Every structure is written in C-alpha cells, then in structure tokens.
Amino acid sequence: MKASRLLSLITLSISIIGCVAALPRIDKAKLLSHVETLSSDVYHGRQTGTDGGVLAQLYVKNEMVIMNLTPCFEALEQAFSFSSRQSQTEIAGVNMVGLIPGSGSSDKTMVVTAHFDHLGSREGVVYNGADDNASGTAAMIEIARYFTQNPPEHTIIFAGLDAEEMGLQGARALVASSCIADRNVVVDFNVDMISRSPKGELYVAGTRHYPGTKAILETLTPREGVALLFGHDVPGTGSEDWTSASDHGPFHQAGIPFLYFGVEDHPGYHQPSDDFQEITPEFYYQSVELILETILKFDAKLDTITFQ
Ligand SMILES: [Zn+2]
3 MKASRLLSLI
13 TLSISIIGCV
23 AALPRIDKAK
33 LLSHVETLSS
43 DVYHGRQTGT
53 DGGVLAQLYV
63 KNEMVIMNLT
73 PCFEALEQAF
83 SFSSRQSQTE
93 IAGVNMVGLI
103 PGSGSSDKTM
113 VVTAHFDHLG
123 SREGVVYNGA
133 DDNASGTAAM
143 IEIARYFTQN
153 PPEHTIIFAG
163 LDAEEMGLQG
173 ARALVASSCI
183 ADRNVVVDFN
193 VDMISRSPKG
203 ELYVAGTRHY
213 PGTKAILETL
223 TPREGVALLF
233 GHDVPGTGSE
243 DWTSASDHGP
253 FHQAGIPFLY
263 FGVEDHPGYH
273 QPSDDFQEIT
283 PEFYYQSVEL
293 ILETILKFDA
303 KLDTITFQ
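Following this line, the structure appears as structure tokens:
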C-alpha cells in the first residue's frame with residue numbers, strides 16, 4: 003500500500019471516528035415538541051391536584067407506555083398524598099415511574115428524575131413552566147427512548163415526578179418507596195431547568211459532595227454553545243447552594259449520590275414569562291446530548307467508580 007493511500011485511509015478513519023462522536027443520539031424535533039406541548043395553555047401550568055396536572059401525568063404515562071418501560075410498581079403510577087403547606091389540605095400527586103432493565107449482571111441501578119408539575123395559574127394568568135420543568139421532563143423522556151433502542155448495562159429507572167413545586171413531595175415519596183429502597187440505587191441524575199441560558203451555561207451540582215464523579219464529567223465531549231460548570235453545591239452559601247433545591251435533595255438525604263443539571267435562575271424563573279418562545283433551543287438540545295453522554299459514561303464505569 004502506498005504511503006499516500008495509507009495516509010488518506012488513516013485520515014478517513016479519524017474523520018469517521020470524529021463523526022461517530024458527534025452523531026446525534028437525541029431526536030431534537032421530538033424533544034422540542036414535548037416542551038412546546040407541555041408548556042402550552044392547554045396544560046394550565048400543570049399544578050399538582052388540578053386538571054392540568056393530571057394532563058401532564060397522562061402525557062408522561064403515554065410516552066412511557068409507547069416506549070414499553072417496565073413499571074417500577076404494579077403500574078407506572080405511584081400515587082401519594084401530602085398535606086399542603088399553604089392550604090392545610092390533603093393533596094394527591096402521582097409519579098410516573100418506569101425502568102429499563104440492565105443487560106449485565108450487576109444490580110447497581112441509576113435513576114433519572116424530572117418533575118413535570120409547575121405552578122398552575124394565578125389570577126387568570128397561566129404559568130407555563132417551559133424551562134421549569136417541561137424541559138427536564140422532555141429530556142427524561144427522550145433519554146429513555148435512546149436507552150430503549152440501546153439497552154444500558156445497568157438498570158435505569160426513569161421517574162417523572164409530581165409536586166416538586168410543593169416541596170419535593172414526589173421525590174420524597176419515590177425515595178421512601180420499594181422502587182428505590184429495595185434496589186441498589188447508586189446515583190440519581192436530576193434534570194430541572196435545562197433549556198434557557200442565553201449565556202450558554204449549564205451547571206452540574208453535586209461534585210462537591212461526590213468528588214469521585216468529577217473525573218468522568220471531565221471526559222465529556224465538549225458541545226458547541228454549552229459551558230458545563232461545576233458548582234452551586236457548597237454548604238453554607240444559602241440560596242447559592244442547590245443541594246436541596248430540587249428532587250435530587252431527598253436522594254442525597256437518603257445517602258444516594260446525585261448529579262443535578264440546571265441553569266441559573268433567569269428573568270422567567272417562576273414567572274408567567276417562562277414560555278416556550280423564550281427557551282434557547284440549540285443550547286437545550288446540546289445540553290440533553292451532554293447529559294445523555296454523562297449517563298452512558300456512568301453506565302460504562304458504574305461497577306468501579308467511587309463517588310466519595
Ligand atoms: Zn423546577
């Protein structure tokens with residue numbers, strides 16, 4: 003073989019490998035379509051205990067049924083109730099929880115969580131919650147779809163959680179349940195607000211508590227327009243510490259390591275202007291690809307990684 007031919011073959015191989023690394027795994031159109039639908043006025047802000055909240059439950063359930071996820075309970079639904087801090091009444095919530103069994107023999111299990119509830123409407127104004135957290139819900143669904151087509155080595159539980167906005171109630175109910183307590187759950191990846199960052203900054207919180215995760219995160223393929231930043235997990239920094247700010251909190255309290263992905267609070271945070279039109283779609287899509295790559299890397303290393 004002539005040297006020039008060998009050289010061009012090597013160049014070709016490198017470019018093919020390069021292409022493989024950059025290949026999309028997530029269906030961007032589907033991802034955005036979930037966010038647009040869930041944050042439309044039809045869902046009335048998806049407040050737990052309202053018709054809009056039930057519609058959001060059914061949306062997640064329908065996707066899990068289509069993907070044929072294995073229920074973590076007798077059905078995909080995990081019903082729970084809690085007393086409201088505001089009205090002192092009992093409110094009913096429903097998590098949607100399905101899993102994909104691992105192809106390997108290890109019992110180590112990962113969880114992907116995203117809350118689908120939001121604030122509902124106030125004085126006739128709908129709080130659509132496109133970023134918070136239609137974005138994470140859609141990511142959880144499309145990441146699950148990837149793994150139904152590319153089975154993981156370790157079992158992954160996918161949980162659409164209810165009543166986060168009322169005090170992480172769905173996450174508390176899930177962590178206390180047999181679905182988590184009876185399994186060897188070693189990490190929770192929580193996604194909550196990942197679609198709106200004009201600056202292109204995605205935070206991953208949790209490495210301060212679980213420094214062993216850092217080495218894997220540092221090997222992620224850089225994504226155009228997304229700076230992945232460590233932080234928001236330093237104790238004693240008040241609202242800058244997101245350790246208990248979303249559904250990963252109850253996992254952490256139960257001694258289960260977490261990584262939380264989310265953006266900084268923005269002008270639309272908990273405002274009626276958290277609309278689909280305001281999200282940054284390319285940043286969002288690339289962020290979801292990055293989160294999927296994270297889960298793939300943890301799946302490959304789960305039997306040897308030490309989180310502490
Ligand atoms: Zn949220």
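3 is the number of the first residue of the sequence shown in my numbering; add one for each residue after it. For every residue, glycine included, the Cβ atom is placed at its ideal position computed from N, Cα and C. Note that the coordinates shown come from a computational prediction; the quantities given were computed from them, not determined experimentally.
- Contact annotation, Ile-145 with Leu-101: C-beta distance approximately 13 Å; criterion of less than 8 Å not satisfied.
- Rounded to whole angstroms, the gap between the alpha carbons of Gly-55 and Arg-48 is 4 Å.
- Boundaries cannot be given for Met-195, as no beta strand (DSSP E) includes it and DSSP labels it neither H nor E.
- With respect to the C-alpha of Glu-92, the residue from Ser-83, Thr-50 and Met-98 having the closest C-alpha is Ser-83.
- Contact between His-36 and Val-128 fails: their C-beta atoms lie close to 18 Å from each other, not under 8 Å.
- In the displayed model, Ile-158 falls within a strand according to three-state DSSP.
- Leu-78 counts as buried, since at least 16 other C-beta atoms from the protein chains shown sit within 10 angstroms of its C-beta.
- Looking at the backbone, the Cα of Val-67 and that of Asp-184 are separated by about 24 Å.
- Contact between Leu-34 and Tyr-61 is absent: CB atoms are separated by about 15 Å, not below the 8 Å threshold.
- Taking a cut-off of 7 Å from the heavy atoms of ligand 1, the residues with a C-beta inside it are His-117, Asp-134, Asn-135, Glu-166, Glu-167, Asp-194, Met-195 and Ser-248.
- With a threshold of 16 other beta carbon atoms within 10 Å, Asn-135 meets it and is buried.
- Distances from the alpha-carbon of Tyr-286 to those of Leu-25, Leu-121 and Ala-141 put Ala-141 closest.
- Here the alpha carbons of Thr-111 and Thr-308 stand approximately 14 Å from one another.
- Looking at the backbone, the Cα of Thr-52 and that of Ala-217 are separated by about 43 Å.
- Here DSSP, grouped into helix, strand and coil, assigns Ser-85 to strand.
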